[in-house]
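Comments concern the structure below.
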Amino acid sequence: MIKRKLGRTGLEVTPLGYGSMGLRGPRTWGVRVVEDHDAERFLNLVLDSGINFIDTSPDYGVSEERIGRFISQRRDEFYLATKCGCAYTQREDHLEIDHVWQRDVIQKNIETSLRRLKTDYVDVLQFHGGDAKTLQDQGLIDLLMQFRQEGIVRYLGVSSTLPKLPDLIELGVFDTFQIPYSCLAPEHHDWITRAAEGGAGIILRGGIAHGGPDAEIQRPALNEIWNRARLDQILPQGMSRAELILRYTLTHPHCHTTIVGTCDPTHLAENLAAVERGPLPTDLYQEIRAQVAAVNAS
Ligand SMILES: NC(=O)c1ccc[n+]([C@@H]2O[C@H](COP(=O)([O-])OP(=O)(O)OC[C@H]3O[C@@H](n4cnc5c(N)ncnc54)[C@H](OP(=O)(O)O)[C@@H]3O)[C@@H](O)[C@H]2O)c1
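Each residue of the sequence shown is one higher than the last, beginning at -3 in my numbering.
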C-alpha cells in the first residue's frame, strides 16, 4: 500500500489504518463480542495486509491487552496510537467510562497502556477529548512533553470535535489530530484542513461511516442523510456504498490515515481493495459533497 506522511511527525502511514475499538471484548458495550482466537487472527491479518497504523485506548476493554498479547512481537511493523485521560470502571455487565483531566489519571493511563501493549513506547499519545484551557491549566500538555523526553511517547495528539477543536488547533502543540469525518458526517471538513495546514498529522475516524446503509448494525441518522442526498442515484455501478464512503474520506486532501474499525476479514479485504482503487474522480466527489451539503443546509 502506498503511504502518506502523517504531518510533521514524518511517520509514513498507510492511508487505511486500523481502529481496534471493536476488539474491546465482553462486558464493555455494544452487542458484538470478538473472541480471543478471532482477535489474534484478525490483528495478524491487519499486519499481513500491510496496514501499519493502529489506534487503541485504555478504555476500549481488552483492545490494548490483545494488541500486546497477539502482535507485540511484530511491534516494528506498525505505529501505535493510544489515548489518555481515561477513567473506567468494570461493572457487572458493562464498562463505565469517563474522561478525567488530572495528572495522576494520565500517568496511570500511560503506565497501564505500556504494560498491556507490551511495549516501551507508543508512537502517538492522544488526549481522549479535553479542551485547550483545561489541558493547559492542569499542566497535562507539559506532562506529555515530559513523557516524550523520557522516550515513552514519540508524538503528542488529541482526539477532538467541534466546538473544542479550534482552540486545540490554535495551541500549536499537537503533532496529530484525530477527527471524525465521512461524506455522511462532513462537518469537520474545513477544520481538518486548518489542522493540517498547521503541520499536524490527520487521523480520521468514522471514515467508513460504520458501513453506511451497507452496515450490519444500522445507523438510522446516517442512512437518512444517504437517502435524502440520493446517493444511490450517483453510486457508480459495481461500487458498494461502503466503498464510496471510504474512498470519499480518502479523497479529503488532508486525510493521512483513516482508522477504519472492522472485525470482519471480508470487509477488511474490501476496504483494502477500495484503497487500491484510489481517490474518487473529482466530479463524483464534488457531486456527493454538494448533495450532502444541500441536505444539511435544508
Ligand atoms: N473519541 C474517540 O477518540 C473515538 C471515538 C470512536 C472511535 N474511535 C476510533 O476510531 C475507530 C473507528 O471508529 P468507528 O468504529 O466509530 O467508525 P467506523 O470505522 O466508521 O465504523 C466501524 C464499523 O464499520 C463497519 N465496517 C467496516 N468496513 C465495512 C465494510 N466494508 N462494509 C460494511 N461495514 C463495514 C464495521 O463492522 P464490521 O466489523 O462488520 O466490518 C464496524 O461496525 C475506532 O475503532 C477507534 O479506534 C475514537
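All C-beta atoms, glycine included, are put in the ideal place defined by N, C-alpha and C.
Does Ser155 come out as helix, strand or coil in the three-state DSSP assignment? strand
request  = Give me the Cβ distance between Ala128 and Leu167, rounded to the nearest whole Å; I'm assuming they're in contact under 8 Å.
outcome  = 5 Å
Could you tell me the boundaries of the alpha helix (DSSP H) in which Lys104 lies?
99 to 113
Which residues in the same chain have their Cβ closer than 7 Å to the Cβ of Gly57, if we skip the five residues on either side of it in sequence? Arg20, Gly21, Thr24, Leu91
Between Phe170 and Val154, what straight-line distance do the alpha-carbon atoms span, to the nearest angstrom?
7 Å
query = For the alpha helix (DSSP H) that Ala217 lies in, which residues bound it at each end?
reply = 216 to 224
**Report entry** Touching by the beta-carbon criterion (3+ pairs, under 8 Å), the stretch 59 to 68 and the stretch 122 to 136
**Finding:** no
- Task: Flag this pair as yes or no: are the beta carbons of Val118 and Leu76 separated by less than 8 Å?
- Result: yes
- Query: Under three-state DSSP, which class holds Arg0?
  - Reply: strand
Ligand 1 heavy atoms versus the CB of Ala211: any closer than 7 Å? yes
*Is Tyr117 helix, strand or coil when you go by DSSP?*
Tyr117: coil per DSSP, three-state reduction.
query: Taking the continuous beta strand (DSSP E) assigned at Leu39, which residues delimit it?
result: Here Leu39 belongs to no beta strand (DSSP E); instead the alpha helix (DSSP H) covers 32 to 44.
Consider the C-beta atom of Asn267 and the heavy atoms of ligand 3; say whether any pair is separated by less than 7 Å. Summarising the ligand content, the structure contains ligand 1 and does not contain ligand 3.
| Between the Cα of Ile241 and the Cα atoms of Ala269, Asn292, Ala205, which residue gives the shortest distance? | Ala205
* Report the option in Ile137, Arg150, Asn48, Arg37 whose CA atom is closest to the CA atom of Val256. => Asn48
- With a CB to CB cut of under 8 Å and the five nearest residues on each side skipped, what residues in its chain are close to Leu161? Within the same chain, Leu161 has close Cβ partners Phe173, Ile175, His184, Trp187, Ala191.
Problem - Stretch pair the stretch 78 to 88 + the stretch 102 to 116: three plus CB contacts closer than 8 Å - result: Here the stretch 78 to 88 lies against the stretch 102 to 116, with 3 or more beta-carbon pairs under 8 Å apart.
Q. Are at least three pairs of beta-carbons, each pair with one atom in the stretch 209 to 216 and one in the stretch 267 to 284, less than 8 Å apart?
A. No contact exists between the stretch 209 to 216 and the stretch 267 to 284.
Per the DSSP calculation, Asp51 is bridged to which residue(s)? Gly15, Ala77
Bridge partners for Arg20 per DSSP, in chain order?
Arg20 is not bridged to any residue.
Next item on the list: Indicate whether at least one CB of chain D lies closer than 8 Å to the CB of Arg285.
Entry: Although the question refers to chain D, the structure presented lacks it and comprises just one protein chain.
| query | Among Ile67, Met(-3), Thr253, Arg144, which residue has its Cα nearest to the Cα of Leu113? | reply | Ile67
| query | CB-CB under 8 Å to Arg87, same chain, minus the five flanking residues each way: which ones, in chain order? | reply | Arg23
Practice task
Going by DSSP, name the residue or residues bridged to Asp94.
Solution key: Ala83
*asked:* So, under 8 Å CB-CB, Gly3 and Ala196 are touching, yes? Tell me the CB distance rounded to an integer number of Å.
replied: 5 Å
Buried versus exposed call for Glu220 [16 or more other C-beta atoms within 10 Å across all chains shown]: exposed
ask   = Which residues bound the beta strand (DSSP E) around Ile198?
value = From DSSP, the beta strand (DSSP E) with Ile198 extends over 197 to 201.
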